[in-house]
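Worksheet for the structure shown next.
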Amino acid sequence: MAVSQAIPITRHPFANGSYKQMLIDGKWVDAASGKRFETHNPATGELLATVAEGDKEDIDRAVAAARRAFEGPWSKVKPFERQNLLLRLADLVEKNFDELSQLDTMDMGAPLSRTRAYRLRAVGMLRYYAGQTTAIHGETIENSLPGEIFSYTLKEPIGVVGAIIPWNGPLTATIWKIGPAIATGCTVVLKPAEEAPLTSLRIAELAMEAGIPPGVINVVPGYGETAGAALASHPDVDKVAFTGSHVTGQSIIRASAGNLKRVSLELGGKSPDIVFADADLDAAVPGAAMAVFANSGQICSAGTRLFVEQSIYEEFVGRVAEFGKKLQVGNGLDPNVQIGPLVSEEQLKRVTGYLDIGQKEGARALAGGGRVTEGALSKGFFVSPTVFAGVQDNMRIAQEEIFGPVISAIAFKDMDELVKRANNTTFGLGSGLWTRDVSKAHAVAKSLRAGSVWVNCYQAMDPAVPFGGYKMSGYGRESGKQHVEEYLNVKSVWIKTA
Ligand code: ADP
């Protein structure tokens with residue numbers, strides 16, 4: 004592992020140590036309780052801002068504002084106007100993209116080399132939803148009833164959406180929730196993660212600047228157990244769109260039962276990434292490594308179970324380890340850095356705990372295996388990219404989501420057995436395979452039980468292509484036409500004409 008000791012200048016117009024209020028009904032307000040919490044840069048420990056700490060009372064105020072907006076003038080805003088609002092917001096996000104990506108880097112640690120690469124997922128996503136706005140329509144459906152009775156469907160916005168997002172990509176997560184809401188005519192109360200609330204607040208400022216009416220987008224920062232739980236159980240919220248851990252997802256489902264609100268869940272994973280001996284190994288080595296090390300492994304679809312065909316296992320896993328050792332770890336604001344810190348001390352404990360578990364279970368750490376504390380990095384939550392070899396399917400490091408830069412490399416021989424083993428997880432979010440054999444690629448892609456299969460690549464994402472989980476990775480899709488449908492109700496209308 005190479006360590007960058009550069010300490011870049013961290014002055015930022017938004018994360019300048021000042022106090023940030025929450026956005027309710029188009030106004031910036033304090034928490035009703037007056038409480039505030041701090042958010043820090045996980046690379047340096049530096050205080051970035053204090054933030055109004057919302058809880059139930061603030062969620063109540065925000066949901067009431069979102070309801071008023073939903074039933075008020077917003078319901079009369081035509082698709083073409085909503086499209087213009089999304090396009091204006093897209094332009095503003097584009098204009099401020101460097102500032103926004105830097106804010107993500109400072110608040111949650113992902114290096115600039117990553118956050119800056121997300122233009123398509125941010126600006127392109129908003130423009131995609133803008134395009135969808137005028138494509139929403141019901142159908143005229145011929146029925147078989149006797150007599151003259153005409154039937155058609157209307158697509159209507161579902162209503163007030165409670166959006167709860169994690170910290171691992173605040174810019175894109177915020178856009179993924181508010182984009183389809185504006186496209187469909189819903190209103191939103193968004194609760195960012197307590198670890199990284201700043202980018203959502205800055206996007207809310209831009210949404211106001213774009214002319215999105217008061218109450219349509221509300222942002223209430225706060226903790227999960229208070230603000231998040233209040234939003235998930237709120238009787239006047241029609242849908243919860245959640246991204247986060249499967250354990251929280253389960254409590255969201257329970258909380259949503261009171262009014263049977265619609266729920267979409269994008270949860271965790273333990274995704275298989277499979278390397279066949281016939282693959283282009285020069286491409287597969289960096290591909291499989293970055294399928295896990297990108298964002299320090301804090302990606303729900305990271306390809307953490309690396310299945311490698313027995314005949315190339317030692318060579319391939321050794322090469323992935325060498326690749327991991329060369330990655331530049333450091334403060335993400337340094338443009339040369341490839342691996343930033345983990346988001347928090349809690350996350351550091353969790354990941355280093357799994358590093359201990361892996362050693363105890365008998366896996367061999369070919370690279371990494373611990374915290375990085377050299378020089379300036381001692382102030383942050385850095386873990387070196389780790390490759391565990393000799394991993395067996397039943398080890399905890401092969402079963403449980405670690406959410407850190409840790410590869411569990413597993414050998415396989417037989418193709419039928421491989422598919423069973425790859426599917427032997429409670430999750431089903433991402434999956435990858437590397438081969439030059441197109442028939443094999445199709446066959447394995449078909450048999451993997453996961454929402455995305457990447458062949459000879461990993462983590463490819465596009466605003467038009469749906470993303471989401473099988474099994475305990477959740478349900479519902481984000482991106483693509485399906486995402487827009489998640490925010491719509493279908494009404495059937497019958498008209499007797501004779
Ligand atoms: P992670 O482990 O990645 O932080 P979480 O699922 O804990 O994932 O957090 C994702 C989001 O869910 C955050 O915004 C967090 O505040 C929120 N959250 C946590 N617990 C709850 C809860 N009980 N109800 C609603 N939201 C919650």
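Basically this note's numbering = 1-based index in the sequence shown + 3. Built from N, CA and C at the ideal position, the CB exists for glycine as well.
> If we count the other Cβ atoms within 10 Å of its Cβ and call it buried at 16 or more, is Ala93 buried or exposed?
Replying inline: Locating residue 93 in the sequence shown gives position 90, where the first residue counts as 1. By the neighbour-count rule (16 or more Cβ atoms within 10 Å), Ala93 is buried.
> Can you find at least 3 beta carbon pairs, one from the segment 60–77 and one from the segment 189–206, that sit closer than 8 Å?
Replying inline: yes
> Quick one: any contact between the segment 149–163 and the segment 474–492, if contact means 3 or more CB pairs under 8 Å?
Replying inline: yes
> Residues in its own chain within less than 7 Å of Val6 by CB, not counting five upstream and five downstream?
Replying inline: Along the sequence shown, read from residue 1 onward, the residue named residue 6 stands at position 3. Result list for Val6: Val332, Gly333, Val375, Glu377, Leu380, in chain order.
> Can you tell which of Ser304, Leu421, Pro200, Ala235 has the C-alpha that lies nearest to the C-alpha of Asp396?
Replying inline: Counted from its first residue, the sequence shown places residue 396 at position 393. Out of Ser304, Leu421, Pro200, Ala235, Leu421 has the C-alpha closest to the C-alpha of Asp396.
> Should Ala297 be listed as close to ligand 1, given that the test is whether its C-beta is under 8 Å from any heavy atom?
Replying inline: Here residue 297 refers to the residue found at position 294 when the sequence shown is read from its first residue. Not so, every heavy atom of ligand 1 lies at least 8 Å from the Cβ.
>> Tell me the residue span of the alpha helix (DSSP H) that contains Tyr316.
In response: Counting from one through the sequence shown, the residue named residue 316 turns up at place 313. First-last of the alpha helix (DSSP H) with Tyr316: 316–329.
> Closest Cβ-Cβ distance between Gly472 and chain D: below 9 Å?
Replying inline: The chain inventory of the structure shown lacks chain D, comprising one protein chain alone.
> Taking Ala34 as the reference, which of Asn19, Ser21, Gly57, Leu50 has the closest Cα?
Replying inline: For the purposes of this step, residue 34 is identified with residue 31 of the sequence shown, where counting begins at 1. Answer by Cα proximity: Gly57.
> Any idea if Ile152 is buried or exposed, counting beta-carbon neighbours within 10 angstroms, 16 or more meaning buried?
Replying inline: The residue given as residue 152 occupies position 149 in the sequence shown. Flag for Ile152 reads exposed.
> Would you call Glu20 buried or exposed, if buried means 16 or more other Cβ atoms sit within 10 Å of its Cβ?
Replying inline: Reading the sequence shown from its first residue, position 17 is the one you call residue 20. Per the sequence shown, the amino acid found at residue 20 is Gly instead of Glu. Classification for Gly20: exposed.
> Is DSSP giving Ile139 helix, strand or coil here?
Replying inline: One-based indexing of the sequence shown puts residue 139 at position 136. DSSP places Ile139 in coil when its eight states are reduced to three.
>> According to DSSP, simplified to helix, strand and coil, what is Ile410?
In response: Numbered from its first residue, the sequence shown carries residue 410 at position 407. In this structure, Ile410 counts as strand in the three-state DSSP scheme.
> Where does Pro160 sit, in a helix, a strand or coil, going by DSSP?
Replying inline: Here residue 160 refers to the residue found at position 157 when the sequence shown is read from its first residue. Three-state DSSP puts Pro160 in a strand.
> Taking C-alpha atoms, which residue in Ile255, Leu129, Glu348 lies nearest to Pro183?
Replying inline: Position 180 of the sequence shown, counted from the first residue, corresponds to residue 183. The shortest Cα separation from Pro183 among Ile255, Leu129, Glu348 belongs to Leu129.
> Can you name, in chain order, every residue of its own chain whose Cβ lies under 7 Å from the Cβ of Thr429, other than the five neighbours on each side?
Replying inline: Within the sequence shown, numbered from 1, the residue matching residue 429 stands at position 426. The answer, listed in chain order, is Lys474, Met475.
> Using the beta carbon as the reference atom, which residues fall closer than 5 Å to any heavy atom of ligand 1, ordered along the chain?
Replying inline: Ile167, Pro169, Ala196, Gly227, Gly231, Ala232, Ala235, Gly247, Ser248, Thr251, Ser254
> What number of angstroms, rounded off, separates the C-alpha of Ser236 from the C-alpha of Pro289?
Replying inline: Here the question's residue 236 lines up with position 233 in the sequence shown. Here the question's residue 289 lines up with position 286 in the sequence shown. Their Cα atoms are separated by approximately 43 Å.
>> Suppose you measure from the CA of Leu106 to the CA of Ala213; what does that come to, to the nearest Å?
In response: Residue numbering aside, residue 106 sits at position 103 when the sequence shown is read from its first letter. Residue numbering aside, residue 213 sits at position 210 when the sequence shown is read from its first letter. Taking the straight line from one Cα to the other gives about 20 Å.
> Where does Gly407 land, buried or exposed, given buried means 16+ other C-beta within 10 angstroms?
Replying inline: Residue mapping note: residue 407 aligns to position 404 of the sequence shown, counting from 1. Buried is the call here.
>> If I follow the unbroken alpha helix (DSSP H) through Ile62, where does it start and stop?
In response: Along the sequence shown, read from residue 1 onward, the residue named residue 62 stands at position 59. Looking at the DSSP string, the run of the alpha helix (DSSP H) that includes Ile62 is 59–74.
> Under the rule that 16 or more other beta-carbon atoms within 10 Å means buried, what is Gln350, buried or exposed?
Replying inline: Your numbering for residue 350 matches position 347 in the sequence shown. The residue in question, Gln350, is buried, as its Cβ has 16 or more Cβ neighbours within 10 Å.
> Tell me which same chain residues have a C-beta within less than 7 Å of the C-beta of Ile360, skipping the five on either side of it?
Replying inline: Sequence index remark: in the sequence shown, residue 360 carries index 357 (1-based). Same-chain partners within the cutoff: Arg399, Ile400.
>> Please tell me whether, using a cut-off of 8 Å, the distance from the CB of Tyr226 to the nearest non-hydrogen atom of ligand 2 is below it.
In response: With respect to ligand 2, the structure offers nothing, as its ligand set consists of ligand 1.
> So is Tyr22 buried or exposed if we call it buried at 16+ other beta carbons inside 10 Å?
Replying inline: One-based indexing of the sequence shown puts residue 22 at position 19. Per the 10 Å Cβ criterion, exposed.
>> For Ser78, count the other beta carbons within 10 Å of its own beta carbon; 16 or more makes it buried, fewer makes it exposed. Which is it?
In response: For the purposes of this step, residue 78 is taken as residue 75 along the sequence shown, with counting starting at 1. Flag for Ser78 reads exposed.
>> What does the alpha-carbon distance come out to for the pair Ala258 and Asp283?
In response: Reading the sequence shown from its first residue, position 255 is the one you call residue 258. Reading the sequence shown from its first residue, position 280 is the one you call residue 283. Approximately 48 Å between the Cα atoms of the pair.
> When you compare each of Lys273, Ala133, Glu60, Lys494 to Lys484 by their alpha carbons, which one comes out closest?
Replying inline: What you label residue 484 is simply residue 481 of the sequence shown in a count that begins at 1. When each option's Cα is compared against that of Lys484, the closest is Ala133.
>> Comparing C-alpha positions only, which one of Ala18, Lys494, Asp337 sits nearest to Leu11?
In response: For the purposes of this step, residue 11 is taken as the residue at position 8 of the sequence shown. The question names Leu, yet the displayed sequence has Pro at residue 11. For the residues Ala18, Lys494, Asp337, the minimum Cα distance to Pro11 belongs to Asp337.
>> Which same chain residues end up closer than 7 Å to Arg205 when comparing Cβ atoms and leaving out the 5 residues on each side of it in sequence?
In response: One-based indexing of the sequence shown puts residue 205 at position 202. Hits under 7 Å: Phe17, Leu103, Leu106.
>> For a quick check, are the C-beta atoms of Trp170 and Val346 less than 9 Å apart?
In response: For the purposes of this step, residue 170 is identified with residue 167 of the sequence shown, where counting begins at 1. For the purposes of this step, residue 346 is identified with residue 343 of the sequence shown, where counting begins at 1. Going by C-beta atoms, Trp170 is nearer than 9 Å to Val346.
> The alpha helix (DSSP H) spanning Gly30 covers which residue range?
Replying inline: As a working note, residue 30 is residue 27 in the sequence shown. First, the residue type needs correcting, since residue 30 is Lys and not Gly in the sequence shown. No alpha helix (DSSP H) holds Lys30; the beta strand (DSSP E) holding it covers 30–32.
>> Can you tell me which residues form a DSSP beta bridge with Pro275?
In response: Within the sequence shown, numbered from 1, the residue matching residue 275 stands at position 272. Arg308.
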